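**Q**
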Amino acid sequence: MKTLIFFVITTVVSYGVMMSAIYKGTDMDIVKHGVIAFTIWGVCLVYLNRRMRKRSPREENEQMLNVYLRDRLKRRL
63 MKTLIFFVIT TVVSYGVMMS AIYKGTDMDI VKHGVIAFTI WGVCLVYLNR RMRKRSPREE
123 NEQMLNVYLR DRLKRRL
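The sequence shown begins at 63 in this note's numbering and counts up one residue at a time.
#1: Can you tell me whether Ser82 is buried or exposed? The criterion is at least 16 other CB atoms within 10 Å of its CB, across all chains shown.
#2: On the criterion of 16 or more Cβ atoms from any shown chain inside 10 Å, does Val79 qualify as buried, or is it exposed?
#3: Candidates Leu139, Arg138, Tyr130 and Thr73: which alpha carbon is nearest Val105's?
#4: So, with DSSP's three-state summary, where would you put Gly96?
#5: Check Gly78 in the structure and name its three-state DSSP category.
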């Protein structure tokens, strides 16, 4: 849930940066703010990608531990 909230907030901030440049109206402002907006959004995506990769091995280890414990419990019964 935190990941989704972080992504939405970053997307809104990037959109706001781009819209502020469009309302100013000069071409260089639009280019500069566009680069800033997409950089913010790109950093967000890289951060989320790394965070999701770090989460999966832990979940895999937990699943393997659950299977191991379940098998031990079956052997005892």
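For every residue, glycine included, the Cβ atom is placed at its ideal position computed from N, Cα and C.
In this text the structure is predicted, and so the values were computed from the model without any measurement.
**A** With the given structure in hand:
#1: In the sequence shown, residue 82 corresponds to position 20, counting from 1. Exposed is the call here.
#2: Looking up residue 79 in the sequence shown gives position 17. So Val79 counts as buried.
#3: Within the sequence shown, numbered from 1, the residue matching residue 105 stands at position 43. The candidate whose alpha carbon is nearest that of Val105 is Thr73.
#4: Along the sequence shown, one-based indexing puts residue 96 at 34. It is helical.
#5: Reading the sequence shown from its first residue, position 16 is the one you call residue 78. Here DSSP, grouped into helix, strand and coil, assigns Gly78 to helix.
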